[in-house]
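Engineer:
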Amino acid sequence: MDYKKLIAKNISEKIELDLETIEKLIEIPPKSDMGDYAFPCFTLAKALRKAPNAISIELAENIAKEGFEKVEAQGPYLNFFVDKACFSKDTIEEVLSKKEIYGSSKIGEGKNIVIDFSSPNIAKPFHVGHLFSTVIGNSLYKMLSFEGYNCIGINHLGDWGTQFGKLICAYKRWCDLTALEKDPIKELLRIYVKFHDEAEKDPSLEAEGRMYFKKLEDGEKEETELWNKFRSLSLIEFENVYKLLGVHFDSFSGESFYNDKMDEVIEEIDKKGLLVESNGAKVVSLEEYNMPPCIIKKSDGATIYATRDLAAAEYRNKTYDFYKNIYVVGSDQILHFKQIFKTLELMGHDYAQKCKHVSFGLVRFSDRKLSTRKGDVIFLEDLLKESIDKTSEIINEKNPQLKDKEKVATTVGVGAMVFTYLKNNREKDIVFDWNEMLSFEGETGPYVQYTYARAKSILRKLGTFEGVADYSLLKSEEEFELIKLLEGFQNAIFMAIEKLEPSILTRYIIDIAKVFNKFYNLHRIKSLEDENLKKARLRLTEAAAQVIKNGLDLIGIEVVEEM
Ligand code: ARG
Numbered sequence: 036m037d038y039k040k041l042i043a044k045n046i047s048e049k050i051e052l053d054l055e056t057i058e059k060l061i062e063i064p065p066k067s068d069m070g071d072y073a074f075p076c077f078t079l080a081k082a083l084r085k086a087p088n089a090i091s092i093e094l095a096e097n098i099a100k101e102g103f104e105k106v107e108a109q110g111p112y113l114n115f116f117v118d119k120a121c122f123s124k125d126t127i128e129e130v131l132s133k134k135e136i137y138g139s140s141k142i143g144e145g146k147n148i149v150i151d152f153s154s155p156n157i158a159k160p161f162h163v164g165h166l167f168s169t170v171i172g173n174s175l176y177k178m179l180s181f182e183g184y185n186c187i188g189i190n191h192l193g194d195w196g197t198q199f200g201k202l203i204c205a206y207k208r209w210c211d212l213t214a215l216e217k218d219p220i221k222e223l224l225r226i227y228v229k230f231h232d233e234a235e236k237d238p239s240l241e242a243e244g245r246m247y248f249k250k251l252e253d254g255e256k257e258e259t260e261l262w263n264k265f266r267s268l269s270l271i272e273f274e275n276v277y278k279l280l281g282v283h284f285d286s287f288s289g290e291s292f293y294n295d296k297m298d299e300v301i302e303e304i305d306k307k308g309l310l311v312e313s314n315g316a317k318v319v320s321l322e323e324y325n326m327p328p329c330i331i332k333k334s335d336g337a338t339i340y341a342t343r344d345l346a347a348a349e350y351r352n353k354t355y356d357f358y359k360n361i362y363v364v365g366s367d368q369i370l371h372f373k374q375i376f377k378t379l380e381l382m383g384h385d386y387a388q389k390c391k392h393v394s395f396g397l398v399r400f401s402d403r404k405l406s407t408r409k410g411d412v413i414f415l416e417d418l419l420k421e422s423i424d425k426t427s428e429i430i431n432e433k434n435p436q437l438k439d440k441e442k443v444a445t446t447v448g449v450g451a452m453v454f455t456y457l458k459n460n461r462e463k464d465i466v467f468d469w470n471e472m473l474s475f476e477g478e479t480g481p482y483v484q485y486t487y488a489r490a491k492s493i494l495r496k497l498g499t500f501e502g503v504a505d506y507s508l509l510k511s512e513e514e515f516e517l518i519k520l521l522e523g524f525q526n527a528i529f530m531a532i533e534k535l536e537p538s539i540l541t542r543y544i545i546d547i548a549k550v551f552n553k554f555y556n557l558h559r560i561k562s563l564e565d566e567n568l569k570k571a572r573l574r575l576t577e578a579a580a581q582v583i584k585n586g587l588d589l590i591g592i593e594v595v596e597e598m
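For the sequence shown, the residue numbers in the working numbering are 36 to 598.
#1: Assuming Pro160 contacts Val412 under a Cβ cut-off of 8 Å, what Cβ separation, rounded to an integer in Å, is found between them?
#2: Using 10 angstroms around the beta-carbon of His165, count the other beta-carbons present and answer buried if the total reaches 16, otherwise exposed.
#3: Helix or strand or just coil, what does DSSP make of Ala108?
#4: Could you give the C-beta distance for Val117 and Gly138, rounded to a whole number, given that I count them as a contact under 8 Å?
#5: Any chance the CB of His392 is under 6 Å from a heavy atom of the ligand ARG?
#6: DSSP three-state call for Ala99: helix, strand or coil?
#7: Using the Cα positions of Lys389 and Asn556, report the straight-line distance between them to the nearest angstrom.
#8: For the ligand ARG, any of its heavy atoms closer than 6 Å to the Cβ of Asn190?
#9: Could you give the distance in angstroms between the alpha-carbon of Arg408 and the alpha-carbon of Lys221?
#10: Which of the three DSSP states is assigned to Pro151 in this structure?
#11: Which of helix, strand or coil does DSSP assign to Cys329?
#12: Quick check on this structure: which residue in Pro219, Lys124, Lys333 has the alpha carbon closest to the alpha carbon of Arg266?
#13: Less than 8 Å between the CB atoms is what I'm expecting for Tyr72 and Tyr38, so what's the real figure, rounded?
#14: Just checking Val276 against the ligand ARG - is the residue's beta carbon closer than 6 Å to any of the ligand's heavy atoms?
#15: Which residue spans inside the segment 229–316 form an unbroken alpha helix (DSSP H) run of at least 4?
#16: Exposed or buried, what is Leu573 when buried is set at 16 or more other beta-carbons lying within 10 Å of its beta-carbon?
#17: Report yes if the C-beta distance between Val363 and Val319 is below 7 Å; otherwise report no.
#18: In its own chain, which residues sit with a C-beta less than 7 Å from the C-beta of Asn156, not counting the 5 before and 5 after it?
#19: When DSSP labels each residue in this structure, what does Lys134 get in the three-state scheme?
#20: May I ask you to check if the CB of Asn294 is nearer than 6 Å to at least one heavy atom of the ligand ARG?
#21: Flag this pair as yes or no: are the beta carbons of Val550 and Glu516 separated by less than 7 Å?
#22: Below 6 Å, is the gap between the Cβ of Asn156 and the nearest heavy atom of the ligand ARG?
#23: Report the rounded CA-to-CA distance for Thr445 versus Thr426, giving the unit in angstroms.
#24: Kindly list the residues whose CB is nearer than 7 Å to the CB of Leu60, restricted to its own chain and excluding five residues on each side of it in sequence; keep chain order.
#25: Cα-Cα, which of Glu596, Ala504, Ser288 is closest to Cys121?
#26: Going by DSSP, what residues sit across from Glu1 in a beta bridge?
#27: Along the chain, where does the beta strand (DSSP E) containing Cys186 start, and where does it finish?
#28: Please classify Ser291 as buried or exposed, where buried requires at least 16 neighbouring CB atoms within 10 angstroms.
#29: Where Ser406 and Arg225 are concerned, what is the direct C-alpha to C-alpha distance, given to the nearest angstrom?
#30: Roughly how many angstroms lie between the CA atoms of Gly145 and Glu233, to the nearest whole one?
#31: Per DSSP, Ile24 forms a beta bridge with which residues?
#32: Taking the straight line between their C-alpha atoms, what separation do you get for His283 and Gly188?
#33: Considering Cα atoms alone, identify which of Cys186, Leu415, Gly289, Asn352 is closest to Asp385.
#34: Could you name the residues of the same chain whose beta carbon sits closer than 7 Å to that of Leu261, not counting the 5 residues immediately before and after it, in chain order?
#35: Is any heavy atom of the ligand ARG found at a distance shorter than 6 Å from the C-beta of Asp285?
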């Protein structure tokens, strides 16, 4: 049962206000002595020409009370205390009958949402920032799909641009083919860094790079073949990471895909009178909006990243007729997306309003400093492996007899990293700290996964109870707190979707795990004489495990049955 809906219906029978508005006004009070739900009466004062306190008193007297222990006026608030037995039964039975679809809905049906995420650059390492984009994008994809939206996950690969001319030049001069075979991205990165070092001494290399890029743009055979080789070698490595993370894309149309779609956009911009010359370049002036111009063509005639993003937005609108077009990209590109969206708006495209940049902070390491220019980068794959190895050590220490140790270490090690990324507000920087991340205590992935495994182990030992238990026996504070949390699962997803902020769901999962552990530590299940109470607690345990599993799945983390 949806209590907010029930309350809204009951209120709407007494006052003239539409259901949706009432439902939006309903709050969850901060303290339990203020009830489980509260309705503030201020908003009605004007329309009803009465004091809010008087309205709440009158409503408390007249409103339907079925399903509630009491409905009470407290100042301007109308407080609802649910009938605990009824609420508990509704909630637990709903979780256990819906199982893996508990919390889902069809509210997004018929709406297409494009999510541009991960989007690493070819011939460059997949770094920690791309992991940030990958896990946020993946989680949004999963949550939105769960609520019925039709998501299109696009990996907008950085696979085009003048740097590929430089890379071809570097390849021809310095590439070690054996090294390339063994560790492609490391070798490509090495020669790319070398190119920059050498070009400082010999500037003619830059012109050579431009020449190769021109050939690539013109589709010449040798250059195209080399580019294809760089691209497919890189994709193989990226795929390893995606496989470990369990991430899927619907399209890998990256920047190169728009090579033949830019002329049309440039023409359109020109026709609309927006294209102006500036120092030899062709730009859209955004001075009026306090932004630097959006560069469409550089002075050498080459298109850039922004040009391709404009073409991509046009293409996505035509192809997917999107309800929303989301870009999960670091906050260093805030200005870039503002310029893109403004340019689309100036071009007269209403869909500019539906484009949204979901930005995120930086990733720092507590124990090392990095400089990409010197080729000093941390490869994500190495980092994930390190996490898995460290988790393995912990498991060997804590539970040496565990079955499938390797599989568990992989799931928990990878999950620990994903969790770290999604646990705080995405705009916040992340400081990487192994000890904190892999700890089985505190707000970590291993802690939540351990909580799940613990619940499952109880259910394995005592057996699940099939059937409706007497939930009125679940009287303790912890039990009811847990049940209330379980009931709030879908609301947590909705809030995370509304703010495009997966951490809202992650925090919710942490809360469930904490309250479950509190419940489990304070209340016996095993040696209970009261069979009925035991049954009710087993059902509650099973429901809590189910919700943790569903929640973790939506942030892209798998559970383990034992650990
Ligand atoms: N490849 C870019 C980078 O690594 C991210 C691309 C994001 N997507 C986009 N449509 N611009 O910074």
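All C-beta atoms in this analysis are idealised placements derived from N, C-alpha and C, irrespective of residue type, glycine included. The model shown is predicted, which means the values in this text are computed figures rather than measured ones.
Structural biologist: Put simply:
#1: 5 Å
#2: buried
#3: strand
#4: Val117 to Gly138, Cβ: 19 Å. No contact.
#5: no
#6: coil
#7: 48 Å
#8: no
#9: Confidence at Arg408 is low in this model, with a pLDDT of 47, below 50, so the placement of that residue is unreliable and no value is reported for it.
#10: Checking the displayed sequence, the identity of residue 151 turns out to be Asp instead of Pro. In the structure shown, Asp151 sits in a strand (DSSP, three-state: E or B).
#11: strand
#12: Pro219
#13: 6 Å
#14: no
#15: 239–252, 256–280, 297–306
#16: buried
#17: no
#18: Gly193
#19: helix
#20: no
#21: yes
#22: yes
#23: 8 Å
#24: Phe74, Pro75, Thr78
#25: Ala504
#26: The structure shown does not extend to residue 1, since the chain is modelled only from 36 through 598, so no value can be given for it.
#27: 185–189
#28: buried
#29: Here Ser406 scores only 48 on pLDDT, less than 50, and its place in the model should not be relied on; the value that follows carries that caveat. Cα to Cα, the separation comes out at about 14 Å.
#30: 54 Å
#31: In the structure as shown, the chain begins at 36 and stops at 598. Residue 24 is therefore absent and cannot be evaluated.
#32: 8 Å
#33: Asn352
#34: Ile203, Tyr206
#35: no
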